[in-house]
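Residue numbering for the sequence shown follows numbering that gives the first Met the number 0, starting at 0 and increasing by one per position. To start, the structure itself, in C-alpha coordinates.
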Amino acid sequence: MRKIFFISLFLFVLVSQNSYTQENNDSSFNFTIKESELLDFEFTGKPRVEASYGFSQPKLKSLSQNFSQSGLLELRLGYATQRNSAYRDDVFRFRDKYVFLSNTNSDFRTSSSVLTNIDAESWKFGFGRTSGWGNRLGSGGIMPYVSNGFVWSRIDVKNNIPVPLSVQEQERINDFDNALRFGTYTETGIRLQLYPMLTLRTAYQREIVFPRYLFWKHLGSYGVEAMGMEIIYGFVREIMKSSPAAGPLMNVILKGGYSYALYQLRAEKMNWPFTSSAPLVYDSFKFGMTFTF
0 MRKIFFISLF LFVLVSQNSY TQENNDSSFN FTIKESELLD FEFTGKPRVE
50 ASYGFSQPKL KSLSQNFSQS GLLELRLGYA TQRNSAYRDD VFRFRDKYVF
100 LSNTNSDFRT SSSVLTNIDA ESWKFGFGRT SGWGNRLGSG GIMPYVSNGF
150 VWSRIDVKNN IPVPLSVQEQ ERINDFDNAL RFGTYTETGI RLQLYPMLTL
200 RTAYQREIVF PRYLFWKHLG SYGVEAMGME IIYGFVREIM KSSPAAGPLM
250 NVILKGGYSY ALYQLRAEKM NWPFTSSAPL VYDSFKFGMT FTF
(Lines of atoms letter the chains of each structure in order from A and count residues from 1; the text may use other names and numbers.)
(Lines give C-alpha, C1' and ligand atoms only; values in the text may rest on other atoms or scores of the structure.)
Protein backbone atom coordinates (compact mmCIF):
# COMPACT_ATOMS: atom_id res chain seq x y z
CA MET A 1 0.00 0.00 0.00
CA ARG A 2 2.95 2.33 0.71
CA LYS A 3 4.24 1.69 -2.82
CA ILE A 4 0.86 2.63 -4.30
CA PHE A 5 0.87 5.88 -2.31
CA PHE A 6 4.25 7.03 -3.65
CA ILE A 7 3.45 5.95 -7.21
CA SER A 8 0.17 7.89 -7.02
CA LEU A 9 1.90 10.94 -5.62
CA PHE A 10 4.42 10.82 -8.47
CA LEU A 11 1.68 10.56 -11.12
CA PHE A 12 -0.33 13.35 -9.52
CA VAL A 13 2.66 15.66 -9.28
CA LEU A 14 3.68 14.86 -12.88
CA VAL A 15 0.33 15.90 -14.33
CA SER A 16 -0.07 18.93 -12.04
CA GLN A 17 3.28 20.40 -12.96
CA ASN A 18 2.42 20.08 -16.65
CA SER A 19 -0.78 22.05 -16.11
CA TYR A 20 1.12 24.63 -14.11
CA THR A 21 3.47 25.36 -17.00
CA GLN A 22 0.46 25.76 -19.31
CA GLU A 23 -1.35 28.01 -16.84
CA ASN A 24 1.63 30.36 -16.86
CA ASN A 25 1.74 30.36 -20.67
CA ASP A 26 -1.90 30.91 -21.63
CA SER A 27 -1.10 32.40 -25.00
CA SER A 28 0.44 29.31 -26.62
CA PHE A 29 -0.13 25.56 -26.74
CA ASN A 30 2.73 23.59 -25.20
CA PHE A 31 2.44 19.79 -25.15
CA THR A 32 5.77 19.18 -23.40
CA ILE A 33 6.09 17.94 -19.83
CA LYS A 34 8.98 20.22 -18.99
CA GLU A 35 7.73 21.65 -15.76
CA SER A 36 4.44 19.97 -15.59
CA GLU A 37 1.33 20.97 -12.90
CA LEU A 38 1.26 17.12 -11.58
CA LEU A 39 5.75 17.54 -10.50
CA ASP A 40 5.34 20.43 -8.06
CA PHE A 41 3.07 19.30 -5.25
CA GLU A 42 3.97 22.28 -3.11
CA PHE A 43 1.24 23.75 -0.96
CA THR A 44 1.54 27.40 -1.94
CA GLY A 45 -0.99 30.20 -1.80
CA LYS A 46 -3.61 31.13 0.77
CA PRO A 47 -4.72 28.57 3.40
CA ARG A 48 -8.15 27.13 2.67
CA VAL A 49 -10.64 25.11 4.74
CA GLU A 50 -13.62 23.49 3.05
CA ALA A 51 -16.48 21.54 4.67
CA SER A 52 -19.10 19.68 2.64
CA TYR A 53 -22.26 17.68 3.22
CA GLY A 54 -24.18 15.59 0.72
CA PHE A 55 -25.18 12.09 -0.26
CA SER A 56 -23.37 9.24 -1.94
CA GLN A 57 -24.56 6.16 -3.82
CA PRO A 58 -22.23 3.13 -3.99
CA LYS A 59 -22.60 0.75 -6.94
CA LEU A 60 -20.97 -2.60 -7.66
CA LYS A 61 -21.49 -4.36 -10.97
CA SER A 62 -22.95 -7.89 -11.03
CA LEU A 63 -24.67 -7.65 -7.63
CA SER A 64 -28.32 -8.67 -7.48
CA GLN A 65 -28.88 -6.16 -4.65
CA ASN A 66 -28.19 -2.45 -4.42
CA PHE A 67 -26.26 -0.55 -1.78
CA SER A 68 -28.16 1.92 0.37
CA GLN A 69 -27.68 5.61 -0.26
CA SER A 70 -25.34 7.13 2.32
CA GLY A 71 -24.93 10.54 3.86
CA LEU A 72 -21.57 12.21 3.21
CA LEU A 73 -19.37 14.48 5.33
CA GLU A 74 -16.06 15.81 4.03
CA LEU A 75 -13.28 18.13 5.19
CA ARG A 76 -10.59 19.53 2.87
CA LEU A 77 -7.49 21.45 3.91
CA GLY A 78 -5.24 23.07 1.34
CA TYR A 79 -3.87 26.16 -0.32
CA ALA A 80 -5.45 28.22 -3.10
CA THR A 81 -4.14 30.70 -5.64
CA GLN A 82 -5.83 33.19 -7.97
CA ARG A 83 -4.23 35.31 -10.66
CA ASN A 84 -5.43 37.62 -13.39
CA SER A 85 -5.98 36.10 -16.81
CA ALA A 86 -4.13 37.34 -19.87
CA TYR A 87 -7.39 37.24 -21.84
CA ARG A 88 -9.64 39.74 -20.06
CA ASP A 89 -9.64 41.86 -16.88
CA ASP A 90 -12.80 40.32 -15.41
CA VAL A 91 -11.65 36.71 -16.03
CA PHE A 92 -9.21 35.09 -13.59
CA ARG A 93 -7.40 31.78 -13.24
CA PHE A 94 -7.61 29.78 -10.01
CA ARG A 95 -6.27 26.53 -8.69
CA ASP A 96 -5.83 24.81 -5.35
CA LYS A 97 -4.31 21.65 -3.94
CA TYR A 98 -5.66 19.90 -0.87
CA VAL A 99 -5.77 16.86 1.36
CA PHE A 100 -9.12 15.54 2.55
CA LEU A 101 -10.90 13.22 4.94
CA SER A 102 -14.47 12.04 4.39
CA ASN A 103 -17.02 9.63 5.79
CA THR A 104 -20.03 8.05 4.09
CA ASN A 105 -22.50 6.22 6.26
CA SER A 106 -25.93 4.78 5.55
CA ASP A 107 -26.87 5.51 9.18
CA PHE A 108 -27.22 9.20 8.31
CA ARG A 109 -28.66 8.67 4.86
CA THR A 110 -30.77 11.38 3.30
CA SER A 111 -33.56 9.08 2.09
CA SER A 112 -35.65 6.25 3.53
CA SER A 113 -34.04 2.83 3.75
CA VAL A 114 -35.00 0.03 1.37
CA LEU A 115 -35.14 -3.25 3.28
CA THR A 116 -33.42 -5.27 0.56
CA ASN A 117 -30.48 -2.86 0.18
CA ILE A 118 -26.99 -3.41 1.58
CA ASP A 119 -25.79 -0.92 4.22
CA ALA A 120 -22.15 0.17 4.27
CA GLU A 121 -19.86 2.76 5.81
CA SER A 122 -16.58 4.09 4.44
CA TRP A 123 -13.74 6.30 5.61
CA LYS A 124 -11.68 7.96 2.89
CA PHE A 125 -8.57 10.11 2.72
CA GLY A 126 -6.47 11.38 -0.15
CA PHE A 127 -5.28 14.42 -2.04
CA GLY A 128 -6.36 16.30 -5.13
CA ARG A 129 -6.22 19.48 -7.14
CA THR A 130 -8.84 21.89 -8.49
CA SER A 131 -8.48 24.33 -11.36
CA GLY A 132 -10.52 26.54 -13.63
CA TRP A 133 -11.23 30.06 -14.81
CA GLY A 134 -13.70 32.35 -13.08
CA ASN A 135 -15.79 35.40 -14.00
CA ARG A 136 -15.26 38.26 -11.57
CA LEU A 137 -18.32 39.81 -9.89
CA GLY A 138 -17.38 42.71 -7.64
CA SER A 139 -15.15 41.38 -4.85
CA GLY A 140 -16.17 37.79 -5.64
CA GLY A 141 -16.94 35.71 -8.67
CA ILE A 142 -18.47 32.64 -10.29
CA MET A 143 -15.97 29.80 -10.51
CA PRO A 144 -16.90 26.62 -12.43
CA TYR A 145 -14.23 23.99 -11.85
CA VAL A 146 -12.97 20.45 -12.35
CA SER A 147 -11.15 18.56 -9.60
CA ASN A 148 -9.24 15.26 -9.74
CA GLY A 149 -7.31 13.23 -7.23
CA PHE A 150 -6.36 9.98 -5.54
CA VAL A 151 -8.23 8.37 -2.66
CA TRP A 152 -7.78 5.52 -0.21
CA SER A 153 -10.98 3.98 1.14
CA ARG A 154 -11.72 1.60 3.98
CA ILE A 155 -15.18 0.14 3.52
CA ASP A 156 -17.23 -1.69 6.15
CA VAL A 157 -20.17 -3.66 4.77
CA LYS A 158 -22.74 -4.23 7.51
CA ASN A 159 -23.62 -7.79 8.48
CA ASN A 160 -27.34 -7.23 7.99
CA ILE A 161 -27.51 -8.21 4.30
CA PRO A 162 -31.24 -9.01 4.01
CA VAL A 163 -31.13 -11.51 1.13
CA PRO A 164 -28.43 -14.21 0.90
CA LEU A 165 -25.84 -13.53 -1.80
CA SER A 166 -24.38 -16.04 -4.20
CA VAL A 167 -20.79 -17.21 -3.65
CA GLN A 168 -19.61 -15.02 -6.55
CA GLU A 169 -21.43 -11.96 -5.18
CA GLN A 170 -20.01 -12.48 -1.70
CA GLU A 171 -16.50 -12.77 -3.17
CA ARG A 172 -17.02 -9.47 -5.00
CA ILE A 173 -18.00 -7.75 -1.76
CA ASN A 174 -15.10 -9.39 0.09
CA ASP A 175 -12.71 -7.70 -2.37
CA PHE A 176 -13.57 -4.39 -0.68
CA ASP A 177 -14.93 -5.21 2.78
CA ASN A 178 -12.67 -4.26 5.72
CA ALA A 179 -9.72 -3.51 3.45
CA LEU A 180 -7.90 -0.31 2.52
CA ARG A 181 -8.33 0.16 -1.23
CA PHE A 182 -6.88 2.68 -3.66
CA GLY A 183 -8.96 4.66 -6.13
CA THR A 184 -9.31 7.84 -8.17
CA TYR A 185 -12.03 10.43 -8.60
CA THR A 186 -13.20 13.30 -10.74
CA GLU A 187 -15.43 16.16 -9.59
CA THR A 188 -17.23 18.90 -11.49
CA GLY A 189 -18.83 21.80 -9.72
CA ILE A 190 -19.37 25.51 -9.40
CA ARG A 191 -18.24 27.92 -6.70
CA LEU A 192 -19.90 31.19 -5.82
CA GLN A 193 -17.36 33.46 -4.15
CA LEU A 194 -19.38 35.92 -2.05
CA TYR A 195 -16.33 37.59 -0.51
CA PRO A 196 -12.61 36.89 -0.79
CA MET A 197 -12.89 34.88 2.44
CA LEU A 198 -16.21 33.04 1.89
CA THR A 199 -17.21 30.75 -0.98
CA LEU A 200 -20.20 28.44 -1.46
CA ARG A 201 -20.09 25.46 -3.78
CA THR A 202 -22.08 22.56 -5.20
CA ALA A 203 -20.54 19.59 -6.99
CA TYR A 204 -20.97 16.14 -8.47
CA GLN A 205 -18.22 13.58 -7.90
CA ARG A 206 -17.59 10.12 -9.33
CA GLU A 207 -15.09 7.90 -7.54
CA ILE A 208 -13.87 4.44 -8.48
CA VAL A 209 -12.32 2.07 -5.93
CA PHE A 210 -10.03 -0.65 -7.29
CA PRO A 211 -10.40 -4.22 -5.98
CA ARG A 212 -6.66 -4.57 -6.66
CA TYR A 213 -3.94 -2.31 -8.03
CA LEU A 214 -2.37 -3.06 -11.43
CA PHE A 215 0.44 -0.56 -11.90
CA TRP A 216 1.11 -0.76 -15.66
CA LYS A 217 -2.55 -0.81 -16.62
CA HIS A 218 -3.30 2.09 -14.31
CA LEU A 219 -0.35 4.04 -15.72
CA GLY A 220 -1.60 3.40 -19.28
CA SER A 221 -5.16 4.42 -18.44
CA TYR A 222 -3.90 7.53 -16.65
CA GLY A 223 -1.80 8.39 -19.70
CA VAL A 224 -4.88 8.20 -21.94
CA GLU A 225 -6.71 10.57 -19.58
CA ALA A 226 -3.79 13.03 -19.45
CA MET A 227 -3.43 13.15 -23.25
CA GLY A 228 -7.12 13.87 -23.68
CA MET A 229 -6.97 16.63 -21.08
CA GLU A 230 -3.98 18.20 -22.84
CA ILE A 231 -5.89 18.36 -26.13
CA ILE A 232 -8.96 19.85 -24.44
CA TYR A 233 -6.80 22.38 -22.59
CA GLY A 234 -5.31 23.61 -25.85
CA PHE A 235 -8.77 23.93 -27.41
CA VAL A 236 -10.12 25.81 -24.37
CA ARG A 237 -7.32 28.34 -24.61
CA GLU A 238 -8.32 29.04 -28.20
CA ILE A 239 -11.85 29.70 -26.93
CA MET A 240 -10.44 31.98 -24.24
CA LYS A 241 -8.61 34.02 -26.88
CA SER A 242 -11.73 34.64 -28.99
CA SER A 243 -14.49 34.65 -26.31
CA PRO A 244 -12.97 35.10 -22.82
CA ALA A 245 -16.34 35.53 -21.08
CA ALA A 246 -17.52 32.11 -22.32
CA GLY A 247 -14.21 30.38 -21.63
CA PRO A 248 -14.72 29.49 -17.93
CA LEU A 249 -17.99 27.68 -18.61
CA MET A 250 -16.75 25.95 -21.77
CA ASN A 251 -13.66 24.78 -19.89
CA VAL A 252 -15.81 22.92 -17.36
CA ILE A 253 -18.28 21.58 -19.93
CA LEU A 254 -15.51 20.08 -22.05
CA LYS A 255 -13.26 18.82 -19.25
CA GLY A 256 -16.13 17.68 -17.06
CA GLY A 257 -17.84 15.92 -19.96
CA TYR A 258 -14.62 14.18 -20.96
CA SER A 259 -13.93 13.05 -17.38
CA TYR A 260 -17.48 11.77 -16.92
CA ALA A 261 -17.34 9.79 -20.18
CA LEU A 262 -13.98 8.29 -19.19
CA TYR A 263 -15.24 7.32 -15.74
CA GLN A 264 -18.34 5.76 -17.30
CA LEU A 265 -16.00 3.48 -19.26
CA ARG A 266 -13.93 2.82 -16.14
CA ALA A 267 -17.08 1.76 -14.31
CA GLU A 268 -16.99 -1.32 -16.57
CA LYS A 269 -13.18 -1.69 -16.71
CA MET A 270 -11.31 0.09 -13.93
CA ASN A 271 -8.23 0.60 -16.14
CA TRP A 272 -10.00 1.28 -19.44
CA PRO A 273 -9.07 0.73 -22.27
CA PHE A 274 -7.21 -2.26 -20.81
CA THR A 275 -8.97 -5.44 -19.73
CA SER A 276 -9.59 -5.21 -15.99
CA SER A 277 -12.21 -5.83 -13.31
CA ALA A 278 -15.14 -3.55 -12.59
CA PRO A 279 -14.51 -1.25 -9.59
CA LEU A 280 -16.76 -0.15 -6.78
CA VAL A 281 -18.28 3.17 -7.91
CA TYR A 282 -19.45 6.08 -5.75
CA ASP A 283 -21.64 8.82 -7.23
CA SER A 284 -21.85 11.77 -4.85
CA PHE A 285 -23.55 15.16 -4.73
CA LYS A 286 -22.14 17.76 -2.35
CA PHE A 287 -22.90 21.18 -0.97
CA GLY A 288 -20.11 23.01 0.80
CA MET A 289 -18.68 26.15 2.29
CA THR A 290 -15.07 27.32 1.95
CA PHE A 291 -13.07 29.75 4.05
CA THR A 292 -9.92 31.25 2.51
CA PHE A 293 -7.54 33.06 4.85
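Glycine residues also receive a C-beta, built at the ideal position from the N, C-alpha and C atoms.
Problem - Between the CA atoms of residue 224 and residue 291 - distance to the nearest angstrom - result: Here residue 291 is taken as the residue at index 292 of the sequence shown, counted from 1. Here residue 224 is taken as the residue at index 225 of the sequence shown, counted from 1. Using only the alpha carbons, I get a separation of about 30 angstroms.
Handout entry: Nonlocal neighbours in the same chain, by C-beta distance under 6 angstroms from residue 274, ignoring five residues either side
Key = Along the sequence shown, read from residue 1 onward, the residue named residue 274 stands at position 275. Taken in chain order, the list of residues that qualify is empty.
Practice task
Counting only the same chain and skipping the five closest in sequence on each side, list residues whose C-beta sits under 7 angstroms from that of residue 255.
Solution key: Residue numbering aside, residue 255 sits at position 256 when the sequence shown is read from its first letter. 145 and 187.
Exercise for the section: Flag this pair as yes or no: are the beta carbons of residue 147 and residue 135 separated by less than 8 angstroms? Expected result: In the sequence shown, the residue the question calls residue 147 occupies position 148. In the sequence shown, the residue the question calls residue 135 occupies position 136. No, Cβ-Cβ distance for residue 147 and residue 135 is not below 8 angstroms.
Practice task
With a threshold of 7 angstroms, establish whether the CB of residue 151 neighbours any heavy atom of the ligand ADP.
Solution key: This structure does not include the ligand ADP; it has no bound ligands of any sort.
Practice task
Run the CB neighbour count on residue 82, radius 10 Å, all protein chains shown included, and call it buried at 16 or more, exposed below.
Solution key: The residue labelled residue 82 in the question sits at position 83 within the sequence shown. Burial call: exposed.
Practice task
Grab me the residues of residue 231's own chain with a C-beta within less than 7 angstroms of its C-beta, minus the 5 sequence neighbours each way, in chain order.
Solution key: As a working mapping, residue 231 is identified with position 232 in the sequence shown. So the list reads 253, 254 and 257, once near-sequence residues are dropped.
Practice task
Could you tell me the distance, in whole angstroms, from the CA atom of residue 285 to the CA atom of residue 249?
Solution key: Locating residue 285 in the sequence shown gives position 286, where the first residue counts as 1. Locating residue 249 in the sequence shown gives position 250, where the first residue counts as 1. Computed Cα separation, rounded: 22 angstroms.
Handout entry: Length of the line joining the Cα atoms of residue 197 and residue 190
Key = As a first step, residue 197 is located in the sequence shown; it is residue number 198 there, counting from the start. As a first step, residue 190 is located in the sequence shown; it is residue number 191 there, counting from the start. So the alpha carbons of these two residues sit roughly 10 angstroms apart.
Problem - Neighbour-count burial assignment, residue 289, 16 or more Cβ in a 10 Å radius - result: Indexing the sequence shown from 1 puts residue 289 at position 290. Classification for residue 289: buried.
Problem - Assigned exposure category for residue 132 - 16 Cβ within 10 Å defines buried - result: Here residue 132 refers to the residue found at position 133 when the sequence shown is read from its first residue. Its Cβ being crowded by 16 or more others within 10 Å, residue 132 is buried.
Practice task
Can you have a look at residue 68 and say buried or exposed, based on whether 16 or more other CB atoms are within 10 angstroms of its CB?
Solution key: Within the sequence shown, numbered from 1, the residue matching residue 68 stands at position 69. Flag for residue 68 reads buried.
Problem - Residues of its chain near residue 295, where Cβ-Cβ distance is below 6 angstroms and the 5 sequence neighbours each way are ignored - result: The shown model of the chain, from 0 to 292, leaves out residue 295, and the question about it has no answer.
Handout entry: Length-filtered (3 minimum) beta strand (DSSP E) runs lying within the region 67-123
Key = 69-83 and 90-104
Exercise for the section: Have a look at the DSSP bridge pairing and note the partners of residue 271. Expected result: Taking the first residue of the sequence shown as 1, we reach residue 271 at position 272. Looking at the DSSP assignment, residue 271 forms no beta bridge with any residue, so it has no partner.
Exercise for the section: Run through the region 165-246 for me and flag every whole alpha helix (DSSP H) of 4 or more residues, listed as ranges in chain order. Expected result: 166-173 and 214-241
Practice task
Consult DSSP for residue 61 and reduce its assignment to one of helix, strand or coil.
Solution key: Along the sequence shown, one-based indexing puts residue 61 at 62. Coil, per DSSP.
Practice task
Going by CA-CA distance only, name the one from 142, 62, 137 and 85 that's closest to residue 79.
Solution key: What you label residue 79 is simply residue 80 of the sequence shown in a count that begins at 1. Residue 142 is the option with its Cα nearest to residue 79.
Exercise for the section: Could you check what DSSP says for residue 50 in three-state terms: helix, strand or coil? Expected result: Counted from its first residue, the sequence shown places residue 50 at position 51. Strand.
Handout entry: For residue 293, the three-state DSSP class (helix, strand or coil)
Key = Absent from the structure is residue 293, since the part of the chain shown begins at 0 and ends at 292.
Practice task
Report yes if the CB atom of residue 182 is closer than 8 angstroms to the CB atom of residue 278, and no otherwise.
Solution key: In the sequence shown, the residue the question calls residue 182 occupies position 183. In the sequence shown, the residue the question calls residue 278 occupies position 279. Yes. Within cutoff.
Exercise for the section: Excluding the 5 residues preceding and the 5 following residue 63 in the sequence, name in chain order all residues of the same chain whose CB lies nearer than 8 angstroms to its CB. Expected result: Locating residue 63 in the sequence shown gives position 64, where the first residue counts as 1. Correct list, in chain order: 162, 164, 165 and 168.
Handout entry: When 98, 84 and 260 are compared against residue 92, the one with the closest alpha-carbon
Key = Against the sequence shown, residue 92 aligns to sequence position 93. Of the listed residues, the one whose Cα sits closest to residue 92 is 84.
Handout entry: Residues sharing a beta bridge with residue 290, DSSP
Key = Taking the first residue of the sequence shown as position 1, residue 290 is located at position 291. Looking at the DSSP assignment, residue 290 forms a beta bridge with 48 and 197.
Handout entry: Counterpart residues of residue 43 in DSSP-defined beta bridges
Key = On the sequence shown, position 44 is the one that residue 43 refers to. According to DSSP, residue 43 bridges with nothing at all.
Handout entry: CA nearest to the CA of residue 150, picked from 97, 104, 199 and 173
Key = Residue mapping note: residue 150 aligns to position 151 of the sequence shown, counting from 1. When only C-alpha atoms are compared, the closest one is 97.
Practice task
Since I believe residue 202 is in contact with residue 155 (beta carbons under 8 angstroms), could you give me their beta-carbon distance rounded to a whole number of angstroms?
Solution key: As a first step, residue 155 must be located in the sequence shown, where it is residue number 156. As a first step, residue 202 must be located in the sequence shown, where it is residue number 203. That pair is no contact at about 25 angstroms.
Practice task
State the beta-bridge partners of residue 152 as determined by DSSP.
Solution key: Residue mapping note: residue 152 aligns to position 153 of the sequence shown, counting from 1. Bridge partners of residue 152: 123 and 180.
Practice task
On the DSSP bridge assignment, give the partners of residue 285 in chain order.
Solution key: Here residue 285 corresponds to residue number 286 of the sequence shown, with the count starting at 1. Residue 285 is bridged to 53 and 202.
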